[in-house]
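Heads up, the thing below is written out as structure tokens.
In my numbering, the protein residues as written are 151 to 840.
The following block contains the structure:
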């Protein structure tokens with residue numbers, strides 16, 4: 151459009167210039183058409199001989215040179231637009247390793263569009279297979295270097311995809327039946343052109359759980375030597391990521407032992423998060439989370455939820471409350487929830503979701519109370535209005551990666567869990583392929599992968615339960631006490647039962663996979679010792695499985711920082727060095743009051759080094775952060791947003807007592823602490839010094 155506009159302007163300048171140039175030499179009889187014709191002839195470089203050597207108007211001088219150049223440029227561009235796609239297709243077919251992406255017919259912000267742009271920005275080769283080649287996102291991707299083939303489904307279109315050399319095919323539209331039809335066509339084509347033993351990965355997006363189960367069984371029996379259909383569910387991926395990034399125990403309020411989660415809006419990602427939390431019932435202390443879901447259509451939502459998940463109430467309370475969720479009604483809604491440990495917000499659009507999140511945060515700020523983590527689903531990701539303590543989740547930009555869609559980034563431990571399962575079955579005489587679960591990870595149906603993912607993810611939560619964390623590297627890992635082993639085995643059995651109940655299983659005297667009956671769906675104390683040993687073994691192998699993923703589990707050593715230690719900054723390097731030497735098998739975590747300047751400086755220094763930090767709050771964080779200088783303001787907000795845990799109390803004294811009570815050691819300026827720091831930064835006393 152720009153080039154044609156430039157040509158039109160140059161043509162008008164030429165017409166005006168000719169009118170001015172001919173006026174002194176008797177050009178009064180020239181018409182507008184005559185001047186237009188003369189201007190048009192400038193396109194091919196023809197300039198009237200009678201005007202040569204005369205003083206030309208500036209407008210005519212510009213047109214004389216601009217029109218031929220613009221014409222040449224436009225011709226080249228039009229030729230390139232006609233030739234670039236065939237040329238790109240030719241080179242992709244010759245080179246291979248390209249990604250085929252199909253998506254929604256319109257818009258420019260969908261998952262297909264963002265994945266295509268992310269791959270192009272990473273220097274990858276992308277072949278678009280859109281339903282509408284005129285869609286804005288297609289044009290944008292083509293301008294950035296993608297090739298395109300119209301998604302007609304005919305044989306010629308499939309031939310142009312060069313599936314014999316493609317890296318993968320991503321079917322990312324929201325229309326699941328359309329995705330399934332495309333997957334069927336691609337699989338059939340791959341069977342004829344793909345070398346056996348080099349299967350093409352077909353990532354098929356299906357967000358509906360019931361449809362996903364039926365589709366999985368449909369593709370399970372295909373020829374997996376030439377194509378493997380992998381199912382990707384955006385709500386499931388979002389829910390998993392949220393549960394891993396923000397465990398429920400990351401917020402602890404003084405005097406509150408419950409785990410209430412306040413939910414505003416009910417969407418597929420929220421439903422999957424609830425189910426994942428229920429199915430991962432790993433809590434060592436036995437405390438179950440309770441969900442309070444607010445939505446305008448609470449009755450209809452509850453009816454559907456109960457019908458899909460009848461066992462949910464047996465695992466934890468899920469209460470649906472009807473009412474308006476406009477920002478003006480948020481204070482009353484929040485006050486009705488009994489001290490939530492997390493607040494989840496998901497609305498039809500980002501603007502409304504963000505407005506509610508800000509209203510929730512403002513309510514806590516007005517009351518000057520520490521706010522629990524506020525998780526808001528934003529398709530666009532980060533919003534500049536967010537302060538510390540408001541966390542975006544579920545942004546499509548974060549999902550726009552084939553490896554992320556396949557969840558490979560978080561699957562190392564889940565893969566090891568499955569390998570251990572196979573080893574046990576091999577020892578019992580079973581063979582690969584004997585049943586759906588007896589397959590290598592690459593060929594394992596997605597539902598069985600999800601089972602292993604839940605086991606693996608709950609390992610990390612169990613470690614937090616016993617005061618341990620995962621760290622990268624190999625070496626010695628923690629040894630469980632007999633009491634911890636038994637408690638975690640009990641928690642593992644509770645998790646297994648919860649996962650089975652969520653999937654629709656019930657107790658049965660004899661195991662029946664078709665009827666979903668299992669004899670072990672009973673309390674842990676009613677199990678035989680042989681079955682209890684299976685749960686114990688699941689806990690024992692954690693160290694071995696973690697080693698296979700390049701990680702190890704270490705106990706934490708939490709150091710509570712008392713307020714007002716003048717020499718702490720000077721003492722910190724020596725203190726950290728000595729702790730590392732004397733406690734090499736522990737993960738050191740510093741915990742302090744965010745409002746205490748020396749403690750905040752120490753935590754900021756530890757955070758900069760990549761160490762874990764726990765933050766204490768006796769008031770809302772934002773007034774304090776707003777009062778800091780520019781650099782420290784951003785650093786403190788990042789510290790709070792990446793804290794391993796947030797401790798909340800009513801006042802500074804209660805907070806200091808809370809931090810000390812939950813720490814292994816304390817640092818102070820007087821003899822009340824385990825470690826005493828002098829005003830000059832000298833360590834006056836420590837347990838390792840005699």
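Just so you know, even glycine gets a beta-carbon here, dropped at the ideal spot from N, CA and C.
- Counting only runs of 4+ residues, the alpha helix (DSSP H) found wholly inside the segment 397 to 468 occupies 418 to 429, 448 to 458, 462 to 465, in chain order.
- 8 Å or more divides the Cβ of residue 548 from the Cβ of residue 524.
- Beta-bridge analysis with DSSP links residue 527 to 543.
- Residues 189, 192, 213 of the same chain have their beta carbon placed closer than 6 Å to that of residue 164, with the five preceding and five following residues left out of the count.
- Residue 556 has its alpha-carbon roughly 22 Å from the corresponding atom of residue 622.
- A residue is called buried once 16 or more other Cβ atoms fall within 10 Å of its Cβ, and residue 200, having fewer, is exposed.
- Inclusion of residue 416 and residue 451 in the CB contact set at 8 Å is warranted, their separation being smaller than that value.
- In the DSSP assignment, residue 552 falls within the unbroken alpha helix (DSSP H) covering 552 to 555.
- With respect to the C-alpha of residue 772, the residue from 691, 786, 461 having the closest C-alpha is 786.
- Here residue 382 carries a strand assignment [DSSP, helix/strand/coil].
- Residue 633 and residue 335 have their C-alpha atoms some 56 Å from each other.
- No Cβ-Cβ contact shorter than 8 Å links residue 239 with residue 156.
- Looking only at 636, 731, 720, the smallest Cα-Cα distance to residue 685 is reached by 636.
- Using a 10 angstroms sphere on the CB of residue 662, the tally of other CB atoms stays under 16, which defines it as exposed.
- Checking the DSSP bridge columns, you'll see residue 706 partnered with 737.
- In this chain, the alpha helix (DSSP H) harbouring residue 287 covers 286 to 293.
- In this structure, residue 261 places its C-beta atom within 8 Å of the C-beta atom of residue 550.
- Between residue 331 and residue 242 the beta-carbon gap is near 24 Å, outside 8 Å, which marks them as no contact.
- Under the criterion of beta carbons closer than 8 Å, residue 497 and residue 419 do not qualify as touching, at roughly 12 Å.
- Distance between residue 800 and residue 408, taken at the CA atoms: about 17 Å.
- DSSP places residue 760 in no alpha helix (DSSP H); its state is neither H nor E.
- As for any alpha helix (DSSP H) of minimum length 4 sitting wholly inside the segment 620 to 668, the runs are 632 to 652, ordered along the chain.
- For residue 252, DSSP records a beta bridge to 321.
- Judged by DSSP in its simplified three-state form, residue 204 adopts coil rather than helix or strand.
- It is roughly 28 Å from the alpha-carbon of residue 348 to the alpha-carbon of residue 324.
- Counting only runs of at least 4 residues, the segment 760 to 830 fully encloses the following alpha helix (DSSP H) elements, listed from N- to C-terminal order: 771 to 776, 780 to 791, 802 to 811.
- In this structure, the CA atom of residue 465 is about 55 Å from the CA atom of residue 830.
- With respect to the C-alpha of residue 671, the residue from 646, 170, 505, 811 having the closest C-alpha is 646.
- Taking a contact as a CB-CB distance under 8 Å, the pair residue 288 and residue 277 does not count as one, their CB atoms being some 12 Å apart.
- Within the same chain, Cβ atoms closer than 8 Å to the Cβ of residue 657 are found at 667, 668, 669, 671, 672, the five residues on either side in sequence being excluded.
- Under the DSSP assignment, residue 686 falls outside any beta strand (DSSP E), being part of the alpha helix (DSSP H) whose first and last residues are 679 to 690.
- Using a Cβ-Cβ distance cut-off of 8 Å, the segment 748 to 762 and the segment 358 to 372 are not in contact, since fewer than three pairs of beta carbons, one from each stretch, lie closer than that value.
- Restricting attention to 531, 479, 291, the CA atom closest to the CA of residue 268 is found in 291.
- Assigned with DSSP and collapsed to three states, residue 298 falls in strand.
- In this structure, 248 is the residue among 425, 248, 617, 767 with its C-alpha nearest to the C-alpha of residue 552.
- A Cβ-Cβ distance of about 7 Å is found for the pair residue 563 and residue 696, placing them in contact under the 8 Å criterion.
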